[in-house]
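Listed in order, the protein sequences are those of chains A and B.
Quick note on my numbering: the first sequence kicks off at 180 and runs consecutively.
Quick note on my numbering: the second sequence kicks off at 47 and runs consecutively.
C-beta: ideal position from N, C-alpha, C; glycine also.
Single-structure report; data block below.
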Amino acid sequence: DAKTTQPPSMDCAEGRAANLPCNHSTISGNEYVYWYRQIHSQGPQYIIHGLKNNETNEMASLIITEDRKSSTLILPHATLRDTAVYYCIVRPRYNTGKLIFGQGTTLQVKP
Amino acid sequence: DTAVSQTPKYLVTQMGNDKSIKCEQNLGHDTMYWYKQDSKKFLKIMFSYNNKELIINETVPNRFSPKSPDKAHLNLHINSLELGDSAVYFCASSQGGREKLFFGSGTQLSVL
Numbered sequence: 180d181a182k183t184t185q186p187p188s189m190d191c192a193e194g195r196a197a198n199l200p201c202n203h204s205t206i207s208g209n210e211y212v213y214w215y216r217q218i219h220s221q222g223p224q225y226i227i228h229g230l231k232n233n234e235t236n237e238m239a240s241l242i243i244t245e246d247r248k249s250s251t252l253i254l255p256h257a258t259l260r261d262t263a264v265y266y267c268i269v270r271p272r273y274n275t276g277k278l279i280f281g282q283g284t285t286l287q288v289k290p
Numbered sequence: 047d048t049a050v051s052q053t054p055k056y057l058v059t060q061m062g063n064d065k066s067i068k069c070e071q072n073l074g075h076d077t078m079y080w081y082k083q084d085s086k087k088f089l090k091i092m093f094s095y096n097n098k099e100l101i102i103n104e105t106v107p108n109r110f111s112p113k114s115p116d117k118a119h120l121n122l123h124i125n126s127l128e129l130g131d132s133a134v135y136f137c138a139s140s141q142g143g144r145e146k147l148f149f150g151s152g153t154q155l156s157v158l
C-alpha cells in the first residue's frame, strides 16, 4: 500500500502557481519523497525528489516540512500542459526501483 | 530518439492467445522494469531486472514471463491471455534501483 495521502483532484489557473500537498506521516529516516506525474496516455515522468531539504529543479520545487510528515510540490507557473495526475511516492534510500503508486492528485490547469 | 520504447502501442487479441510486448532502452541503464496500470489507473510493479537478472517478481501469474536478452531489452511474454489481463503495460529503466525511473509510453492490451 502507498504510504502517502493526496487530495484526489485540484484546479489551478494557467500562469498561477500550483501547490500540490502530500501527507506521509509514517515516513522513516531513510526514505525519500519522490514526485512523478502522468500526462494522459503517457508513461509516468519523474519530476523531483528530496530527503529533508527543499529542492528545486527546472520543473518544480519541493518543500518538505521539518518533521518530514508532509510535503508540497510547487509548479511555479502552471501551463495547460501541466494538466496530469501527480503522484507523491515515499521510497527507501536503498531500493530496488519498486515504486508504490497511490491514486495521486489530478491537477486540472484551466485557461 | 525515444529513451524507452515499447512495441506495440496497442494490442487487441482474443482470450487464450499468447502475445509479447517488447521494450528497449537507449539510456545505458542496467535495470529495467514492467509496471501494469489497471482500469482503475493503479500502477503496480510486476518485474524488475538488473543486468539481465530477475530482481523483483511481484506475485504475478506464471503466465507472464519476462525475458531480458541483454541490458537494453526487456520483453514481456504472456501466455493464455485472460480478460483480466487487459491493462496498460509500462516498461521503465533506471541506473540501479536507487535512481529515477524513465518510463515508456505504454502498451494498451485489450483481451476480448
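Contact set between residue i and chain A, taken where Cβ atoms lie within less than 7 Å
i, result
"I67 (chain B)", "Within chain A, no residue comes near I67 (chain B); the closest Cβ sits about 13 Å away, beyond 7 Å."
"G143 (chain B)", "N274, T275, G276"
"F93 (chain B)", "Those do not exist, as F93 (chain B) stays about 10 Å from chain A at its closest Cβ, beyond 7 Å."
"F136 (chain B)", "G222"
Neighbour list for residue i in chain A, Cβ cutoff strictly below 9 Å
i, result
"T77 (chain B)", "T275, G276"
"F88 (chain B)", "F280, G281, Q282"
Proximal residues of chain E, C-beta to C-beta of residue i below 7 Å
i, result
"L147 (chain B)", "Here chain E cannot be found, since the structure's protein chains are A and B."
Beta-carbon proximity of residue i to residue j, cut-off 8 Å
i, j, result
"F149 (chain B)", "A138 (chain B)", "yes"
"Q60 (chain B)", "S151 (chain B)", "no"
"N91 (chain B)", "Y79 (chain B)", "For clarity, residue 91 (chain B) is Ile in the given sequence; the question names Asn instead. In contact: I91 (chain B) and Y79 (chain B) (Cβ atoms closer than 8 Å)."
"G143 (chain B)", "N274 (chain A)", "yes"
"H203 (chain A)", "V269 (chain A)", "yes"
"F110 (chain B)", "I124 (chain B)", "yes"
"G281 (chain A)", "Q217 (chain A)", "no"
"I226 (chain A)", "Y211 (chain A)", "no"
"L89 (chain B)", "Y81 (chain B)", "yes"
"S249 (chain A)", "C191 (chain A)", "no"
"P112 (chain B)", "L127 (chain B)", "no"
"N103 (chain B)", "F93 (chain B)", "yes"
"L278 (chain A)", "L73 (chain B)", "no"
"K65 (chain B)", "Q154 (chain B)", "no"
Supposed contact pair residue j and residue i - C-beta distance, whole angstroms, cut 8 Å
i, j, result
"V50 (chain B)", "Q83 (chain B)", "The Cβ separation is near 15 Å, so there is no contact."
Chain-ordered chain A contacts of residue i [CB-CB under 8 Å]
i, result
"G152 (chain B)", "S220, Q221, G222"
"S140 (chain B)", "G276"
"I124 (chain B)", "Ordered by position in chain A, no residue passes the 8 Å Cβ test against I124 (chain B), which lies about 19 Å from the chain."
Which residues DSSP lists as bridging residue i, in chain order
i, result
"H123 (chain B)", "B:S66, B:S111"
"G229 (chain A)", "A:V212"
"V269 (chain A)", "A:V212"
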